[in-house]
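So the sequence shown is numbered by our numbering: it starts at -9 and just counts up by one.
Every residue gets a Cβ at the ideal spot worked out from N, C-alpha and C, and that includes glycine.
Every value quoted in this text rests on a predicted model; they were computed, and no experiment measured them.
Below is one structure, written out as structure tokens; the observations come after it.
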Amino acid sequence: MTTKETDRIPGASETGQHRGRRWIGADHPGYKWVALTNTTVGMLIATINSSIVLISLPGIFTGIRLDPLEPANVSYLLWMLMGYMLVTAVLVVALGRLGDMMGRVRIYNAGFLIFTITSVILSLDPFHGGSGALWLIGWRIVQAIGGSMLMANSAAILTDAFPARQRGMALGVNMVAGIAGSFLGLVLGGVLVTWNWRSIFWVNVPIGLIGTVWAYKSLHETGIRRPGRMDWWGNITFAIGLTALLAGITYGIQPYGGHTMGWTNPWVLAGLIGGAVMLAVFCLVEARVAEPMFPLRLFRDAAFAGGNAATLLGAIARGGLQFMLIIWLQGIWLPLHGYDYADTPLWAGIYMLPLTIGFLLAGPLSGALSDKFGARLFAACGFLVMAVSFAGLLVLPSDFSYWVFAALIFLNGLGGGLFAAPNTAIIMSSVPADARGAASGMRATFQNAGMVLSMGVFFSLMVAGLAGTLPDTLTTGLTAQGVPAGAAHTVSQLPPVGVLFAAFLGYNPIQHLLGPDILGHLSPSAAAHLTGREFFPHLISQPFHDGLVVVFSLAIAMSLAAAGASLIRGRRTETVAAGSPSPAADSHPATTAPATTTAPSTGVLRGRVHDSAGRPIARASLTLVDRSGRQRALASTGADGTYELTTREPSSYTLVVSATGHHPRAVQLDAEAGPVVPDVTLAGLGNVHGTVRHEHTGEPVPDAQITLLSSAGEVVASAATNPDGTYTLQNLAPGAYTVVTSGYGPVLADVTLDEGNSREVDLEVGHHDTD
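In structure tokens, the structure reads:
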């Protein structure tokens, strides 16, 4: 009988299955690097497409023949900008939960395929005007579904594939790929749109095809599955609430009636209030359902709650930054320095490269260092660096020296890179293994929702800043060039959001607004000056800078708040996440309890997991397996060590229990006896540590190979000494061992470990073996 993947014991390797169609086994030493490379490509392609359209909008509007100043077209522009991020914000949690249930690799592979197919469809847009815009918006939403599948499950796949000592580095690379993708999209979009606007979608196709086949042939389901039912009520209330809230923010940016923005629009108010109410209902639903999509219990962990709070605050701080910097470069600074409007998307992307470089330099380095030194300091310092960069941008004049600007955005990217990797590692390592898909989706939800919220907030603050000085500035500037006062007043009533979009799209609206009748009555030199590339950017530069002061002030406040959230998260998360196989678990089979307890009839199985001293063990992983080896239920213990498992039919079961720092145990549940509550005692794991020194000089010996042998002569653990000669062998079950150091002439020492003990074994070695 063939065993289905969903019925395997959690953590079991897939190597025995599908060996013929896989390129590399899950137990191969190089598999984790294959998983890292593929998920990095997946995150890059998903996040590049969140920004590649942003900088390409001038070419897209020209290509589909859409007038950006037409009031009815503002909605198209906003949905092209924010629709992709809105969909990913709504769906990533549900798709992460689906990955926990059906397999993370399966959902991830489907995401690659959907993303690739929709990229082809987007590039084939056959329409113009509003119909062409709707085609792009609709298929971008479908593309965002594929992108959400990639985002929601990539971090969980890596957490399953990498040991805890390398998890910060791996998740750091993944997080760097995700955020760097949004930066790289600016450069890539700027280059491609000068050739053909459709090429921004063509570029996805070969990458998507390679990634899809590669993922299907190489990735394995190595994580814990959690069979169960979809939380439909939770998904529905969450989707409606978040969509209504973010859509309300999106439409609140648009003018309404005689107002510069739409915050008094009844539909906007209904969306904001209704969305907030629906999200409150969602929280009530999640607190009551058995299998929630958004496990609120995870927020009891200070690391998880603090990490996600910092993620949200950080996304708000920097989410609208790209948009503001692009407007600054594309609509003001580049035209003032002689660049043609047709070339500004390309040069805006190039001039933003220091932001990307700073992030790419800091991200992987901070991930690797946080594995060794802890994450709090790196995360907090990252936000403090970002706050300093925002302060520098705040005082920068609108017509700045580029090298000062480049240094400040490099500093901003550096701060973002310092924070991203350690924060992701702490969030993902703080949850039980069977909840990693949901946790990955929750992290991405806070990230994407913060980005959309940031764009709405930044837009509103910028429009508010423009509204105070823009009308007078436009009137004064136009009349100085001979434009009649009545016509100048009419132009000055242009909504601030229209000015922002005109600047963003590299478009001088003066010729369109004044028309040939007024321009024809002006002197040729005045008309040429009004419609030239420098008049409009120069006119709006000071009002725009007034808005930037407000925007960057908020960004500084959010960065400081995020730094505070990073600092209060408590101690560094344990090195091995609950539910992950420990080295001891790999070396010793789970021991069966000497006595059996009773298997439950259909219903709920409750009990407690504690150590030998009776202390409760939190976040222990429990797996209920039937006689055929199929997984029937999964759970993890709460802070008080209690657990709850739901069984579907009376039977004999094996309950497998494991926890970080303890030896795993299997308990047989007997269906023939009367009901007994199965409490489980786990023996604590110990460690052996010490220092290796030269026997003659007493100097510490680095890179000496330390091997720990069991009483049966089997290798249990191994390590190389650090530069100071120290070593540590962790997660060891009680028993008798032999410590061996080789490479300097073998030296042996016997050691006996009691439950949970730590033993120091120092070794002295002789001459160095030059071979």
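Given residue i as reference, the closest of the options once Cα atoms are compared
i           : options               : result
residue 482 : 110, 693, 472 and 460 : 460
residue 114 : 105, 120 and 126      : 126
residue 600 : 554, 671 and 633      : 671
residue 611 : 14, 700 and 648       : 648
residue 25  : 209, 15, 741 and 203  : 209
residue 443 : 79, 164 and 186       : 79
residue 632 : 614, 595 and 644      : 595
residue 465 : 719, 457, 475 and 458 : 475
residue 49  : 31, 320 and 751       : 320
residue 98  : 62, 33, 181 and 719   : 33
residue 179 : 35, 205, 107 and 384  : 35
residue 453 : 347, 607, 471 and 243 : 243
One or two residues paired with residue i in a DSSP bridge
i           : result
residue 710 : 695
residue 652 : 674
residue 41  : In DSSP, residue 41 forms no bridge with anything.
residue 725 : 743
residue 612 : 625 and 647
residue 633 : 597
residue 383 : Residue 383 is not bridged to any residue.
residue 18  : In the DSSP output, where bridge partners are listed per residue, residue 18 has none listed.
residue 680 : 717
Presumed contact (8 angstroms Cβ cut-off) between residue i and residue j, rounded CB distance
i           : j           : result
residue 235 : residue 261 : 7 angstroms
residue 93  : residue 211 : 5 angstroms
residue 549 : residue 380 : 6 angstroms
residue 241 : residue 223 : In fact, because the Cβ distance is near 27 angstroms, the residues do not count as touching under 8 angstroms.
residue 715 : residue 749 : Going by Cβ atoms, the distance from residue 715 to residue 749 rounds to 17 angstroms, so no, they are not a contact pair.
residue 82  : residue 431 : 4 angstroms
residue 707 : residue 694 : Actually they do not touch by this definition, with Cβ atoms about 15 angstroms apart.
residue 294 : residue 420 : 4 angstroms
residue 47  : residue 67  : 7 angstroms
residue 411 : residue 360 : 7 angstroms
residue 131 : residue 29  : At roughly 23 angstroms, the Cβ-Cβ gap does not stay under 8 angstroms, so residue 131 and residue 29 are not in contact.
residue 296 : residue 556 : 7 angstroms
Residue i, buried or exposed, once every other Cβ within 10 Å from all chains shown has been counted against 16
i           : result
residue 536 : buried
residue 605 : exposed
residue 339 : buried
residue 249 : exposed
residue 276 : buried
residue 363 : exposed
residue 118 : exposed
residue 41  : buried
residue 655 : buried
residue 202 : buried
residue 57  : exposed
residue 123 : buried
residue 530 : buried
residue 392 : exposed
residue 652 : buried
residue 278 : exposed
Coarse secondary structure for residue i, derived from DSSP in three states
i           : result
residue 658 : strand
residue 749 : strand
residue 483 : coil
residue 686 : coil
residue 599 : strand
residue 645 : strand
residue 673 : coil
residue 389 : coil
residue 56  : coil
residue 622 : strand
residue 164 : helix
residue 563 : Any answer about residue 563 is weak, because its pLDDT of 38 lies below 50 and its placement is not dependable; what the coordinates show is given next. Three-state DSSP puts residue 563 in coil, outside helix and strand.
residue 114 : coil
residue 250 : coil
residue 502 : helix
residue 67  : helix
residue 327 : coil
residue 754 : strand
residue 420 : coil
residue 606 : strand
residue 513 : coil
residue 701 : coil
Residue i at chain D interface by Cβ criterion, 8 angstroms
i           : result
residue 321 : Of the protein chains in the structure, only one exists, and it is not chain D.
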